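*Asks:* Residues in the sequence shown are numbered from 922 upward in steps of one, following the numbering used here.
For reference, the structure I am asking about is given below.
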Amino acid sequence: MTTVTSPLTGRAIGLAAVPDPVFSGAMVGPGTAIDPVREPSEVVAPVAGIIVSLHPHAFVVVDADGHGVLTHLGIDTVQLNGEGFELLVSKGDTVERGDVIVRWDPTKVEQAGKSPICPVVALEATTDSLSEVADATDLRAGDRLFGWN
922 MTTVTSPLTG RAIGLAAVPD PVFSGAMVGP GTAIDPVREP SEVVAPVAGI IVSLHPHAFV
982 VVDADGHGVL THLGIDTVQL NGEGFELLVS KGDTVERGDV IVRWDPTKVE QAGKSPICPV
1042 VALEATTDSL SEVADATDLR AGDRLFGWN
């Protein structure tokens, strides 16, 4: 089983509460979302693996078992063109769980008129393959978010 940990500090909310139908409808995959604390913060790798996709507002880490985990920082934040995000890794880098991937400020995302809600999605998974998915829980970066069989 792969344990996926929270990439940031905030409150776990179900994907259904994400203000984007692609995520709320689990079209990308199952998982959960985090309503982040409203302060500048570091976002960390939720699993150990390789960075296979990297944008200022989103990244995917694939672990040794081939599980890809997407962390998406805010909704419609691609429209910010990287403003307010500082990448600290490169595509292809190997990371350990908890390594810092990006720095950002959710307050600035809100001030730009975007939602700071952060979906964390198990790519190519089924809802049945996830266990103990965090919801309505306060989390710190590194706390268990869900298990993936």
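Backbone N, C-alpha and C define an ideal beta-carbon position, used for all residues, glycine too.
What you are looking at is a predicted structure, and each value in this text was computed from that prediction instead of being measured.
1. Is it the case that the CB of E1007 approaches a heavy atom of the ligand NAD more closely than 8 angstroms?
2. Could you say which of V925, V958, A1062 lies nearest to V981 if we only look at CA atoms?
3. Under the rule that 16 or more other beta-carbon atoms within 10 Å means buried, what is D1064, buried or exposed?
4. Can I934 and A1057 be called in contact, C-beta distance under 9 angstroms?
5. From this set, A937, V1030, A985, which residue's C-alpha is nearest G946's C-alpha?
6. So, under 8 angstroms CB-CB, G1034 and E1053 are touching, yes? Tell me the CB distance rounded to an integer number of Å.
7. Nearest to S1050 by alpha carbon, out of V939, H988, A969, P942?
8. As an exercise, report each continuous beta strand (DSSP E) stretch of at least 3 residues that is fully enclosed by the region 942-1000, in chain order.
9. From this set, V1030, L1066, V1041, which residue's C-alpha is nearest R1079's C-alpha?
*Replies:* Result, derived from the coordinates:
1. Although the ligand NAD was asked about, the structure shown includes no ligands whatsoever.
2. Taking only the C-alpha atoms, the option nearest V981 is V925.
3. Exposed is the call here.
4. Taking 9 angstroms as the Cβ cut-off, I934 and A1057 qualify as a contacting pair.
5. Measuring C-alpha to C-alpha distances from G946 to each of A937, V1030, A985 identifies A937 as the nearest.
6. About 34 angstroms; that fails the 8 angstroms criterion.
7. Out of V939, H988, A969, P942, H988 has the C-alpha closest to the C-alpha of S1050.
8. The region 942-1000 contains these whole beta strand (DSSP E) runs: 952-957, 962-965, 970-976, 979-983, 989-993.
9. Lying outside 922 to 1070, the shown extent of the chain, residue 1079 is not represented and no answer is given.
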